[in-house]
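S.K.:
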Amino acid sequence: MPASVESTILSFEHARCVVEKHAAEIPPPAAESVELLSAADRVLAEEIFADRNIPPFPRSTRDGYAVRSADVARAPAVLDVIGEIKAGEKLQKIPTSIEPGQAVSIMTGAPVPDGTDAVVMVEHTRREADRVEIYKSVASGENIVPRGAEAIEGSRLLHRGSRLNEAALALAASVGKSRVQVYEQPRIAVLSTGDEIVDIQSIPGPTQIRNSNSYSLAAQILRAGGEPILLPIAPDEPQRLRVLIEEGLQSDLLLMSGGVSMGGYDLVEQILSELQSEFFFTGAKIQPGKPVVFGRTSAVLLPRGQERPRRSALEEKVSGETTYFFGLPGNPVSTMVTFEIFARPMIEALSGQHPRQLAFLHAKLKSEIRVKPGLRRFLPAIHSGEFEQSEVELVAWQGSGDIAAMARANCYVVVPPESEHIPSGEWVALMMR
Ligand code: AMP
Ligand code: MG
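Here my numbering is used: position 154 in the sequence shown is 161, and no number is missing along the way.
1) Cutting at 6 Å between CB atoms, please list the residues of its own chain near Arg-317, excluding the five before and the five after it.
2) Taking only three categories from DSSP, how would you classify Pro-245?
3) Does Glu-375 come out as helix, strand or coil in the three-state DSSP assignment?
4) Less than 6 Å between C-beta atoms, sequence neighbours within five positions excluded: which residues of the same chain meet that for Ile-61?
5) Does the stretch 116–132 come close enough to the stretch 70–86 that 3 or more CB-CB pairs lie under 8 Å?
6) Is Pro-153 helix, strand or coil by DSSP?
7) Please check the pair Val-402 and Arg-415, which I expect to be a contact at CB under 8 Å, by giving their CB distance rounded to whole angstroms.
8) State the DSSP-derived secondary structure class of Ile-252, mapped to helix, strand or coil.
9) So what does Leu-261 bridge to, in DSSP terms?
10) Look at the alpha carbon of Pro-336 and the alpha carbon of Ser-268, and state the distance between them as a whole number of angstroms.
11) So the candidates are Pro-193, Ile-376, Gly-116, Ser-104; which of them puts its Cα closest to the Cα of Gly-95?
12) CA-CA distance, Gly-271 and Thr-15?
13) Would you mind reading off the limits of the beta strand (DSSP E) that contains Met-128?
14) Cutting at 8 Å between CB atoms, please list the residues of its own chain near Leu-248, excluding the five before and the five after it.
15) Report whether the distance from the Cβ of Gly-271 to the nearest heavy atom of ligand 2 is below 7 Å.
16) Between Glu-328, Gly-334, Ile-429, Ser-358, which has its C-alpha nearest Val-378's C-alpha?
17) The beta strand (DSSP E) spanning Pro-235 covers which residue range?
18) Buried or exposed: where does Ala-22 fall if 16 or more other Cβ atoms within 10 Å of its Cβ makes it buried?
19) With Val-25 and Phe-301 assumed to form a contact (beta carbons below 8 Å), what rounded beta-carbon distance in angstroms separates them?
20) Could you tell me which uninterrupted alpha helix (DSSP H) segments, each at least 4 residues in length, are contained entirely in the stretch 278–305, listed from first to last along the chain?
21) What do you reckon, are the CB atoms on Ala-125 and Ile-105 nearer than 8 Å?
22) Using only the alpha-carbon positions, how far apart do Met-8 and Ala-47 sit?
23) If we call anything under 8 Å between Cβ atoms a contact, is Ile-195 one with Ile-252?
24) What three-state label does DSSP hand Glu-323 in the structure shown?
25) Starting from Pro-352, trace the alpha helix (DSSP H) both ways and give me its first and last residue.
26) How long is the line joining the alpha carbons of Glu-347 and Gln-227, rounded to whole angstroms?
27) According to DSSP, is Phe-56 part of a helix, a strand, or is it coil?
28) Using 8 Å as the threshold, is the stretch 49–57 in touch with the stretch 170–181, meaning 3 or more CB pairs across them?
29) State buried or exposed for Arg-66, treating a residue as buried only when at least 16 other CB atoms are found within 10 Å of its CB.
30) Which first and last residues belong to the alpha helix (DSSP H) in which Tyr-142 is found?
31) Closest to Asp-58 by C-alpha separation, out of Gly-155, Pro-298, Ile-92, would be which residue?
32) Could you spell out the range, first to last residue, of the alpha helix (DSSP H) harbouring Leu-447?
33) What distance in whole Å lies between the Cβ atoms of Gln-109 and Ile-92, which are believed to be in contact at a cut-off of 8 Å?
34) Along the chain, where does the alpha helix (DSSP H) containing Ile-228 start, and where does it finish?
35) From what residue to what residue does the beta strand (DSSP E) around Pro-102 run?
36) Is the closest heavy atom of ligand 1 to the C-beta of Val-267 under 7 Å?
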């Protein structure tokens, strides 16, 4: 820890609150119009309304017979079939009046004719020429979705700030939105640091390792709704590191990996403090990931001779020149965990999404866990089974540098700081990946 940076180590909850508070203050980015087909996973920048009632007519949810429910109150009953209505039937072909004792053959998705108030499933009928025998009575309204029951014309279907998943896209399509307004994706700079780290194209020397963190971070950024910008690897050397940090601060958010522990070559905080940074925390009581740093800087000093890259409209709005940053610990599992619990909400906010809360599933622990108390732990684990059989087991690992163990895991078991021993069979909280 450089002398100039005051150490602020918060509990997980407190640190998360700090991030959420800053995320909530970020104004939405600029919007652009895209074709609906390209809008999957993007964030909606407009409200979408129902252009007509949904459904626009009382819709049959079954193949069968539209009837007056009173006619079949006592089943079996025999009715006269006076017509047939397919889905998409022309209006002129739909009977306008149904007399007592009459029924109309109807298909799923077809408009139910006036005068009928229920649909009997075809499975409960037997047809003979133009008569049908109904075996089962139906309540009024059964198997019919009334006009406007799903949405009234003019009502809001999708909110600004929602991520366009498949259901949202289907809904937009159903109201004829062939183009939609979405927010521009924030540019998230990724800076991996460390003298021992080499590019994946080069052959590592005997004591070097390849840069894997930039790739895990890029994947997590994409999932969170950002556009990753991978910077060159920064050595543990102040001048070059500073140039790359300044370059990263041109983006909408800077994520650094490595260089934030207590080691003599951990220079990230030192340089950020020289850039007049504000540090909100310099550690969290978690494991892995304790040395995580969160802050912002307002001084962006460009290296001489370098032109200022185009900044997104978003940045112009974020209180002048302020750029947030995270210093994520370099151990690969620490980097992944700290991204998920701290960096993600900031990227979601920068991309215009509504803040989402952390959701935990629960599963039964297969083998006991023993830990030292004091830290909230996020331990890589394998979840298996469904419903009451939902089980979880920690993966065997060599600590937070073990990427191979992490790749076998599909979740984290979240251990509260007061726990020392969790016996097998206990239900524990999981954070899914
Ligand atoms: P640091 O946080 O810089 O002390 O790094 C902690 C550990 O993470 C060291 O063993 C590093 O070699 C490893 N590490 C740091 N950066 C990366 C990276 N980009 N890819 C893979 N491992 C890394
Ligand atoms: Mg390092």
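Note that the Cβ used here is the ideal one computed from N, Cα and C, for glycine as well.
M.R.: Straight from the coordinates:
1) Low local confidence applies: a pLDDT of 48 at Arg-317 is under 50, so the model's placement there is unreliable, with the coordinate-based value given in what follows. Excluding sequence neighbours, Arg-317 sits near nothing in its chain.
2) Pro-245: helix per DSSP, three-state reduction.
3) Here DSSP, grouped into helix, strand and coil, assigns Glu-375 to coil.
4) Only Glu-157, Ala-158 meet the Cβ criterion.
5) Yes: the two stretches touch, three or more of their Cβ pairs being nearer than 8 Å.
6) Correct three-state label for Pro-153: coil.
7) About 5 Å; that satisfies the 8 Å criterion.
8) Helix, per DSSP.
9) Paired residue(s): Ala-196, Phe-332.
10) One C-alpha to the other measures close to 7 Å.
11) Nearest option by C-alpha distance: Gly-116.
12) In a straight line, the C-alpha of Gly-271 is about 19 Å away from that of Thr-15.
13) Where Met-128 is concerned, the enclosing beta strand (DSSP E) stretches over 125–128.
14) Once the five neighbours on either side are set aside, the close Cβ partners of Leu-248 are Thr-200, Ala-241, Pro-242, Gly-266, Leu-274, Val-275, Ile-278.
15) Checking the 7 Å criterion, the Cβ of Gly-271 is out of range of every heavy atom belonging to ligand 2.
16) The option with the nearest alpha carbon to Val-378 is Ile-429.
17) Element bounds for Pro-235: 234–237.
18) The residue in question, Ala-22, is buried, as its Cβ has 16 or more Cβ neighbours within 10 Å.
19) Contact flag correct, Cβ pair sits at about 7 Å.
20) Listed in chain order, there is nothing to give.
21) Not in contact: Ala-125 and Ile-105 (Cβ atoms no closer than 8 Å).
22) In this prediction, Met-8 scores a pLDDT of 48, lower than 50, which makes its location untrustworthy; the coordinate-derived value is nonetheless stated afterwards. Rounded to the nearest angstrom, the two C-alpha atoms are 43 Å apart.
23) Cβ atoms of Ile-195 and Ile-252: not closer than 8 Å.
24) Since pLDDT at Glu-323 reaches only 43, below the 50 mark, its modelled position is unreliable, and the value read off the structure follows with that caveat. Under the three-state reduction of DSSP, Glu-323 is assigned to helix.
25) Annotation: the continuous alpha helix (DSSP H) that includes Pro-352 extends over 351–357.
26) Going by the C-alpha atoms only, they are around 8 Å apart.
27) In this structure, DSSP gives Phe-56 an extended state, which the three-state scheme calls strand.
28) At 8 Å Cβ cutoff, the stretches touch.
29) The residue in question, Arg-66, is buried, as its Cβ has 16 or more Cβ neighbours within 10 Å.
30) Run containing Tyr-142: none; DSSP gives neither H nor E here.
31) Selected option, being the one with the closest Cα: Gly-155.
32) This structure leaves residue 447 out entirely; the chain is present only between 8 and 440.
33) The C-beta distance from Ile-92 to Gln-109 rounds to 13 Å, too long to fall under 8 Å, and the pair is not in contact.
34) Counting along the chain, the alpha helix (DSSP H) containing Ile-228 begins and ends at 220–231.
35) That residue, Pro-102, is in no beta strand (DSSP E); it is neither H nor E in DSSP.
36) Val-267: yes, Cβ under 7 Å from ligand 1.
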